[in-house]
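Just below is one structure, and these are the notes that go with it.
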Amino acid sequence: MKTLFRNATVVNADGSRAADVLVCGEKIELVAEHVESPDARVVDCTGLLLFPGAIDAHTHFDLDVANTTTADDFRSGGRAALRGGTTAVIDFACPNKGESLQYGLELWHKKADGHTACDYGFHMTIDDWNPSIRAELPAMIAQGVSSFKMYLTYPAMMIGDGPVYEALCALRELGAIAGVHCENAGVIDSLIAARKAAGELGPASHPLCRPALAEAEAVGRLLKLAALAEAPVVTVHTTCVPALAEIAAARARGQKVYVETCPQYLLLEDRYYGLRNFEGARYVCAPPLRKPADQARLWQGLASGEIQTVNTDHCSFTLAQRDMGRGDFTKIPGGLPGVETRLALLYTYGVVAGRITKEKMVELLSANNAKLYGLWGRKGAIKEGFDADLVLYDPKGEHAVRAAELVTNVDYNPYEGFPLNGSIRQVWLRGRLCVENGTVLEEKSGTYLPRELPLLF
Ligand code: DUC
Ligand code: ZN
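Each residue of the sequence shown is one higher than the one before, counting from 1 in this note's numbering.
Right, here's the structure in full:
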């Protein structure tokens, strides 16, 4: 079965062009100024932008956090992703300390296989470090897991500086890469104890206990560990001015550092934690939302190329789940929904606002994630031989984010009421029409993506 996308503006990271795109089966067969294919069904793309399917390389579906489980599992999360123009997610498989990586990988396959609407791969969390975990790394890579996650905070996850250094050495030897959550655990604990002692137990205390400098300290330390290990590394959900200064210093030393940020750090502010009636709880995530000056610096970092990817850290909880933290802000489960709104937010507040070009948006959402996470050649561009993952975006019109219209499994949205420019008309996954005008047509069309080693750039 062939499909011909006619008269599109095809947007890739390396340029845009007016073109026709011929899809045969799951793959893009031809991109050219004018294509004739009499047996193909034709999709008229006049006036539409054609983006490669976005990749969200930072989601947490069906994850146990703080005595509860994220509101979105692979069913609802995959559906929300696809509806938002994200045709592939890379979720974090997360064994508990004491469990093998293989156990964690199989558990995540059970959660996802057979009922995910978008394609999916897994990063593996290293929250324990010993000879048997080290010995499992090649088997993970053989099963398509070429990226790993480590934490410099959270007692249940962190492994300490020595093990982080050793793991970075091991991953460098294997050609894999780690993304690291950078916040200083000791400083956070100390600040939390002080707030509790002062009886300051509401959400307004949350950002005060996780200051920008505590993130920057951990970023700086990680980058020195990575320098010692001679390893490339990713700083995930990077939020602030001082963290970017540490990254610039490491690059000046000659290090390879890849930087991820998220829409919430570009668009939402720490003053929201002070909202009345416990509304601040809706925004609890780690690291926390920062200040307008940090937002401006992040946008500048996107435009300048200092930041390579925008992913969501989608980790959703309902308002009832958030209520678990009434009376103790440390018990509010942390994380925000985002997988369904990322593309339209970046288009509106990045491209239409003149902060980034549409080609840069595709680089941040699709191409760089594909390269860094071993999917390039299949995902991340509208090019011959790549998967036919296509988003037809109509730049005309305006609407607003409304939680009630979204399929993400939460009863609020942190961007409620934010105006959006344009809308997603259709989403195609490997040559199949899966979303049309907001309706998800295919619920289980996603397949597991075994990934190659990172393509360092
Ligand atoms: N931060 C969050 O806010 N949620 C999930 C994990 C994380 O690092
Ligand atoms: Zn995360």
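The beta-carbon is built from N, C-alpha and C at its ideal position, and this holds for glycine as well.
#1: What's the C-alpha gap between residue 73 and residue 302?
#2: Using the three-state DSSP reduction, which class does residue 281 fall into: helix, strand or coil?
#3: Assuming residue 272 contacts residue 289 under a Cβ cut-off of 8 Å, what Cβ separation, rounded to an integer in Å, is found between them?
#4: Out of 197, 242, 257, 457, state which residue places its alpha-carbon closest to the alpha-carbon of residue 225.
#5: Can you give me the Cβ contacts of residue 356 inside the same chain, cut-off strictly under 7 Å, excluding the 5 residues immediately before and after it?
#6: When you measure from the CB of residue 281 to every non-hydrogen atom of ligand 1, does any distance come out below 8 Å?
#7: Tell me whether residue 336 sits in a helix, a strand or coil according to DSSP, three-state version.
#8: Would the segment 363 to 371 count as touching the segment 443 to 450 if we require 3 or more Cβ pairs under 8 Å?
#9: Between residue 313 and ligand 2, is there a pair consisting of the residue's CB and a ligand heavy atom that are separated by less than 8 Å?
#10: Measuring from the CB of residue 61, is there a heavy atom of ligand 2 at a distance below 8 Å?
#11: Tell me, to the nearest whole angstrom, how far the beta carbon of residue 424 is from that of residue 435; I am working on the premise that it is less than 8 Å.
#12: Decide if residue 190 is buried, meaning its Cβ has at least 16 other Cβ atoms within 10 Å, or exposed.
#13: I'd like to confirm something about residue 285: is its beta-carbon nearer than 8 Å to some heavy atom of ligand 1, or not?
#14: Rounded to a whole number of angstroms, what is the C-alpha to C-alpha distance between residue 187 and residue 208?
#15: Out of curiosity, what's the CA-to-CA distance linking residue 130 and residue 102?
#16: With a threshold of 6 Å on Cβ separation, who are the neighbours of residue 157 within its own chain once the five nearest residues in sequence on each side are excluded?
#17: Along the chain, where does the alpha helix (DSSP H) that runs through residue 74 open and close?
#18: Do the segment 191 to 207 and the segment 243 to 259 meet, that is, are 3 or more Cβ pairs less than 8 Å apart?
#19: Compute the Euclidean distance between the alpha carbons of residue 323 and residue 332, then round it to the nearest angstrom.
#20: Work out the CA separation of residue 1 and residue 66 for me, nearest whole Å.
#21: Give the list of continuous alpha helix (DSSP H) stretches no shorter than 4 residues that lie fully inside the segment 217 to 302.
#22: Spell out a yes or no on whether the segment 329 to 346 and the segment 376 to 386 are touching, meaning 3 or more CB-CB pairs, one atom from each, closer than 8 Å.
#23: Fully enclosed by the segment 171 to 211, which alpha helix (DSSP H) runs are 4 residues long or longer?
#24: Reducing DSSP to helix, strand and coil, say where residue 411 ends up.
#25: Under the three-state reduction of DSSP, which class applies to residue 422: helix, strand or coil?
#26: To the nearest angstrom, how far is it from the Cα of residue 401 to the Cα of residue 279?
#27: Closer than 8 Å is the cut-off here; do at least three beta carbon pairs connect the segment 35 to 53 with the segment 5 to 25?
#28: Measuring alpha carbon to alpha carbon, tell me which of 27, 12, 83, 403 ends up nearest residue 319.
#29: Around the C-beta of residue 292, are 16 or more other C-beta atoms found within 10 angstroms, so that it is buried, or is it exposed?
#30: Just mark residue 132 as buried or exposed, buried being the case when its beta carbon has 16 or more other beta carbons within 10 Å.
#31: With DSSP run on the structure shown, which of helix, strand or coil describes residue 20?
#32: Identify the continuous beta strand (DSSP E) that holds residue 41 and give its terminal residues.
#33: With a floor of 3 residues, list each beta strand (DSSP E) that falls wholly inside the segment 66 to 149, ordered by position along the chain.
#34: Per DSSP, what kind of secondary structure is residue 59 in: helix, strand or coil?
#35: Use the C-beta contact count for residue 321: other C-beta atoms within 10 angstroms, 16 or more gives buried, fewer gives exposed.
Concretely, from the data shown:
#1: 30 Å
#2: helix
#3: 6 Å
#4: 257
#5: 302, 303, 350
#6: no
#7: strand
#8: no
#9: yes
#10: no
#11: 7 Å
#12: exposed
#13: yes
#14: 11 Å
#15: 14 Å
#16: 127, 151
#17: 74 to 83
#18: no
#19: 7 Å
#20: 48 Å
#21: 241 to 252, 263 to 267
#22: no
#23: 185 to 197, 205 to 209
#24: coil
#25: strand
#26: 18 Å
#27: yes
#28: 403
#29: exposed
#30: exposed
#31: strand
#32: 41 to 44
#33: 86 to 93, 119 to 125
#34: strand
#35: buried
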